[in-house]
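So the structure is just underneath, and the comments pick up after that.
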Amino acid sequence: MIVSVALALAGSLFYGVSDFFGGLSTRRLRVVPATTIIHVFATLALFAALPFVAVRWESGAIVWGAVAGVSAIIGLLTFYAALADGPMSLVAPLIAVVGAVVPVAFAVIAENSCRRRRGLRLRSRS
34 MIVSVALALA GSLFYGVSDF FGGLSTRRLR VVPATTIIHV FATLALFAAL
84 PFVAVRWESG AIVWGAVAGV SAIIGLLTFY AALADGPMSL VAPLIAVVGA
134 VVPVAFAVIA ENSCRRRRGL RLRSRS
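Structure follows, in structure tokens:
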């Protein structure tokens with residue numbers, strides 16, 4: 034369990050640092066070149082990690098991955114544009130809250146849908 038906590042903390046640290054420096058870079062460069070540079074480095078990091086991960090290529094996964102990638106680029110363009118225009122101390126936490134609410138809302142909606150179909154209930158562990 035301690036490894037998962039350490040990985041979660043490291044992931045949070047890396048996301049925070051990358052958001053901060055991404056926001057700073059969009060103030061010096063324009064939004065599209067800054068986002069392009071950031072994605073080039075992210076792609077290089079992905080390719081460096083790829084040999085260490087067991088991968089099974091499926092066409093459905095590739096299509097959904099491409100959709101997710103395009104959505105991520107659009108999201109980062111708007112995120113960095115907001116960081117470049119507005120105060121970073123206000124924009125970053127607001128977008129972090131929105132980014133946390135969307136998956137939780139989807140999970141609640143999906144769970145309600147599954148509960149109706151399968152007759153399952155949400156139970157708290159106490």
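The opening position of the sequence shown corresponds to residue 34 in this note's numbering, with each subsequent residue numbered one higher. Glycine is no exception: its CB is placed at the ideal position from the N, C-alpha and C atoms.
#1: For L123, is the classification buried or exposed, using 16 other Cβ atoms within 10 angstroms of its Cβ as the cut-off for buried?
#2: Which residues bound the alpha helix (DSSP H) around L83?
#3: From A94 to A117, what does the alpha carbon distance come to, in whole angstroms?
#4: Beta-carbon within less than 7 Å of S45's beta-carbon, same chain only, minus the 5 sequence neighbours each way: which residues are those?
#5: Could you tell me how far apart the beta carbons of V65 and L110 are, in whole angstroms, since I believe they sit closer than 8 Å?
#6: So what does DSSP say about S159, is it helix, strand or coil?
#7: Out of F139, A143, A115 and L127, which one is the CA nearest neighbour of R60?
#8: When we look at the beta-carbon of T68 and count the other beta-carbons within 10 Å, is it buried (16 or more) or exposed?
#9: According to DSSP, is L153 helix, strand or coil?
#10: Within the same chain, show all residues whose beta-carbon is closer than 8 Å to that of S159, passing over the 5 residues directly before and after it, in chain order.
#11: Could you give the distance in angstroms between the alpha-carbon of L153 and the alpha-carbon of A140?
#12: Within 10 angstroms of its Cβ, does F112 collect 16 or more other Cβ (buried), or is it exposed?
So, to answer that:
#1: As a first step, residue 123 must be located in the sequence shown, where it is residue number 90. Classification for L123: exposed.
#2: As a first step, residue 83 is located in the sequence shown; it is residue number 50 there, counting from the start. L83 -> no alpha helix (DSSP H), and no H or E assigned at all.
#3: The residue you call residue 94 lines up with position 61 of the sequence shown. The residue you call residue 117 lines up with position 84 of the sequence shown. So the alpha carbons of these two residues sit roughly 34 Å apart.
#4: The residue labelled residue 45 in the question sits at position 12 within the sequence shown. Closer than 7 Å at Cβ, skipping near neighbours: no residue.
#5: The sequence position of residue 65 within the sequence shown is 32, counting from 1. The sequence position of residue 110 within the sequence shown is 77, counting from 1. Confirmed, Cβ separation roughly 7 Å.
#6: By 1-based counting over the sequence shown, the position of residue 159 is 126. Here the model assigns S159 a pLDDT of 48, short of 50, so the residue's position is not dependable, and the following value carries that caveat. For S159, the secondary structure class from DSSP, reduced to helix, strand or coil, is coil.
#7: Sequence index remark: in the sequence shown, residue 60 carries index 27 (1-based). With distances taken between Cα atoms, R60 lies closest to A115.
#8: Residue mapping note: residue 68 aligns to position 35 of the sequence shown, counting from 1. Counting Cβ neighbours within 10 Å, T68 comes out buried, since at least 16 surround it.
#9: What you label residue 153 is simply residue 120 of the sequence shown in a count that begins at 1. Interpretation of L153 is limited by its pLDDT of 49, a score under 50 that renders its predicted location unreliable; no figure is taken from the coordinates.
#10: Numbered from 1 along the sequence shown, position 126 holds the residue referred to as residue 159. The pLDDT assigned to S159 is 48, lower than 50, so where the model puts this residue is not dependable; a value taken from the coordinates is nonetheless given after this. Around S159: no qualifying Cβ.
#11: Counting from one through the sequence shown, the residue named residue 153 turns up at place 120. Counting from one through the sequence shown, the residue named residue 140 turns up at place 107. Bear in mind that the predicted position of L153 carries a pLDDT of just 49, short of 50, making it unreliable; the figure below should be weighed with that in mind. The alpha-carbon atoms of L153 and A140 are separated by roughly 14 Å.
#12: Working through the sequence shown from its first residue, we reach residue 112 at position 79. Its Cβ being crowded by 16 or more others within 10 Å, F112 is buried.
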